[in-house]
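J.:
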Amino acid sequence: MKTKSKPTIPTVDIYERVTDRIIELLEQGVKPWEPSHFAKVGFPRNFHSGQAYRGINVFLLGMQRYASPWWLTFIQAKELGGTVKKGEKGSLVIKYGQYAKKDDEQSSDEEAARRGYLKGYTVFNACQIEGIEFPQPPMPEPLPESEQCDLARRIVEAMPNPPTMHEGRYSRAFYRPASDSVDMPARTCFKSEPSFYKTLFHELTHATGHASRLARKSLMESKRIEAVGEAKKLYSQEELVAEMGAAFLAAHAEILEPDAMTDSAAYLNSWLSVLKTTENRRWIVWAGSQAQRAADYVLGA
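All letters in the sequence shown, in the order written, are residues 435 to 735 by this note's numbering.
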């Protein structure tokens, strides 16, 4: 008698679920990668393992706006003696990993002998669980602007193998791969110094894609001016990485000030039009992973 195999959710469905959640928030006028969504109570962590969530999971959980950074699956909560409150709805997180091919599948090298997988899990915040005593996160007052800028400056100064940086030469901010240099407008061009650093973090995220650092295809093979076709696609991918990377870095510097320009309807609609395209449905998950790597590089982690 044949046994029925356990049904699994196709990987493509997980990409769709993640992207649909991001699109839903953009349609509500919310920028999902705004650092204030997750930095006020700390980066989200799994209470069972103590591990911090990374990549797109930081945004998926931060967007829920719960007052606790702690999360558990239903089974983990049960193992620790707790229960999920009746009627509570869980949140999606994803896990990417690799598994070895079967012995009968030939491969020329170790890397090719492994396949990637993406799994979706449902987790619940500490605020949705009873019967477990979770540590209460500190809720300090926002840092004064001067201290935010001190933190941001130290992050910039400590970046390993940094690009050349110039300030005040041009009226716009940009990263130039050919010269491996970042140009920033004078600080007086920004509404505040924290805004200056948020923009600088965006450009430094671009810089991590240089061949001497992470060699990111979306940076190395895109054309930033008059991009068309595949180059335009890569440019859009790279911009999404830079947006998310800057959010990670701003959160580490405790810069929670929203950016009026990138919260505008036109800005949000531009990302909606990109992410709703069928061929771009995997971008969010990919960009979150690349942004995490970029932020780790800048932080020397």
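Ideal placement from N, C-alpha and C gives every residue a C-beta, glycine not left out. Because the structure is a prediction, the values reported are computed rather than measured.
Which class does residue 618 belong to by DSSP, given the choice of helix, strand or coil?
T.: Note: residue 618 maps to strand in three-state DSSP.
J.: Apart from the five residues just before and just after residue 430, which ones in its own chain have a Cβ nearer than 7 Å to its Cβ?
T.: Lying outside 435 to 735, the shown extent of the chain, residue 430 is not represented and no answer is given.
J.: In or out: residue 591 buried (at least 16 other Cβ within 10 Å) or exposed?
T.: Residue 591 is exposed by the Cβ-count criterion.
J.: Does DSSP put residue 464 in a helix, in a strand, or in coil?
T.: Looking at residue 464 - three-state DSSP - the assignment turns out to be coil, as it is neither helix nor strand.
J.: Between the Cα of residue 453 and the Cα atoms of 622, 716, 678 and 667, which residue gives the shortest distance?
T.: Residue 716 is the option with its Cα nearest to residue 453.
J.: With H, G and I counted as helix, E and B as strand and the rest as coil, what does DSSP make of residue 543?
T.: Here residue 543 scores only 45 on pLDDT, less than 50, and its place in the model should not be relied on; the value that follows carries that caveat. Looking at residue 543 - three-state DSSP - the assignment turns out to be coil, as it is neither helix nor strand.
J.: Does DSSP put residue 609 in a helix, a strand or coil?
T.: Three-state DSSP puts residue 609 in a strand.
J.: According to DSSP, residue 526 sits in a beta bridge with which residue or residues?
T.: Answer is 556.
J.: Answer yes or no: do residue 486 and residue 477 have a C-beta to C-beta separation smaller than 7 Å?
T.: Yes. Within cutoff.
J.: Taking the straight line between their C-alpha atoms, what separation do you get for residue 636 and residue 526?
T.: Their backbone Cα atoms lie some 27 Å apart in a straight line.
J.: Are the beta-carbon atoms of residue 621 and residue 630 separated by less than 7 Å?
T.: In this structure, residue 630 lies closer than 7 Å to residue 621 by Cβ.
J.: Using alpha carbons as the reference points, say which of 475, 605 and 564 lies closest to residue 502.
T.: The option with the nearest alpha carbon to residue 502 is 475.
J.: Quick one: what's residue 564 bridged to in DSSP?
T.: DSSP lists 517 as partners of residue 564.
J.: Sort 473, 524 and 457 by Cα distance to residue 686 and report the nearest one.
T.: Nearest of 473, 524 and 457 to residue 686, Cα basis: 473.
J.: Got a sec? Which residues, its chain only, sit under 8 Å from residue 543 by beta carbon, not counting five neighbours each side?
T.: Caution is warranted here: a pLDDT of 45 is assigned to residue 543, below 50, making its placement in the model unreliable, and the coordinate value is therefore given only provisionally. None.
J.: Residue 718 to residue 564, Cα distance in whole Å?
T.: C-alpha separation (whole angstroms): 33 Å.
J.: Rounded to a whole number of angstroms, what is the C-alpha to C-alpha distance between residue 435 and residue 726?
T.: Bear in mind that a pLDDT of 42 at residue 435, under 50, signals an unreliable position, so the number given afterwards is only what the model happens to contain. Roughly 48 Å separates the two Cα atoms.
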